[in-house]
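All remarks here apply to the structure that follows.
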């Protein structure tokens with residue numbers, strides 16, 4: 318799981334680099350989770366929806382959306398879950414039912430930490446960033462690794478993140 322200390326800190330860029338690396342050996346599923354409801358665009362297929370959530374499968378690799386970027390990076394499937402935090406658990410369980418067990422998942426989300434323990438948790442911050450988003454000091458799990466993004470690259474190469482039958486490792 319990849320989360321960040323704020324907006325524009327490099328979360329999606331790192332997620333795409335991890336997908337690109339892991340997809341050389343495995344079919345990778347990408348998941349982007351947002352607590353904000355957004356308008357749909359072409360190339361997105363509604364999988365499930367309710368009054369407080371929407372699960373979309375991204376099928377358009379040509380847009381500038383984060384889910385499209387993961388598809389372009391090599392993910393075999395990418396899902397986008399929009400849900401309010403208090404309604405998170407049921408739609409997330411629905412989404413997990415769509416993914417074969419044991420398949421590597423690269424998930425960009427901070428909210429998921431409140432409901433599931435990730436196999437590997439990376440927290441991304443921007444170089445020089447001193448102010449973090451609210452709640453970052455109250456995460457239910459400590460990151461396995463803090464990663465710093467300088468606007469062009471990271472202090473951890475994506476090839477340093479591996480997946481094997483035993484799970485994720487650094």
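In my numbering, the protein residues as written are 318 to 487.
Ideal Cβ placement from N, Cα and C applies to all residues, glycine included.
Can you tell which of the options has its C-alpha closest to the C-alpha of residue i?
i, options, result
"residue 332", "377, 395, 376, 372", "395"
"residue 367", "448, 392, 381, 405", "405"
"residue 410", "341, 334, 365", "365"
"residue 342", "407, 408, 420, 370", "420"
"residue 425", "418, 435, 417", "435"
"residue 484", "397, 370, 418, 414", "418"
"residue 455", "475, 470, 474, 430", "430"
Determine which residues share a DSSP beta bridge with residue i and list them.
i, result
"residue 521", "The displayed coordinates of the chain run from 318 to 487. Any statement about residue 521 would go beyond what the structure contains."
"residue 481", "484"
"residue 465", "442"
"residue 349", "397, 425"
So, under 8 Å CB-CB, residue i and residue j are touching, yes? Tell me the CB distance rounded to an integer number of Å.
i, j, result
"residue 258", "residue 327", "The chain is shown from 318 up to 487; residue 258 falls before or after that span and cannot be answered."
"residue 361", "residue 373", "4 Å"
Taking 6 Å as the limit between beta carbons, can you name the residues of its chain near residue i, skipping five residues before and five after?
i, result
"residue 383", "329, 349"
"residue 351", "399"
"residue 438", "318, 458, 460, 461"
"residue 320", "427, 440"
"residue 443", "326, 466"
Residues in its own chain within less than 7 Å of residue i by CB, not counting five upstream and five downstream?
i, result
"residue 472", "464, 465"
"residue 385", "375, 377, 378, 379"
Using a Cβ-Cβ cut-off of 8 Å (strictly less than) and excluding sequence neighbours within five positions of residue i, which residues of its own chain qualify?
i, result
"residue 336", "345, 347, 387, 390, 391, 392, 423"
"residue 340", "390, 391, 392, 393"
"residue 446", "322, 323, 326"
Report task. Tell me the start and end of each unbroken beta strand (DSSP E) in the segment 417-449 that is at least 3 residues and wholly inside, in chain order. Result -> 422-425, 439-443
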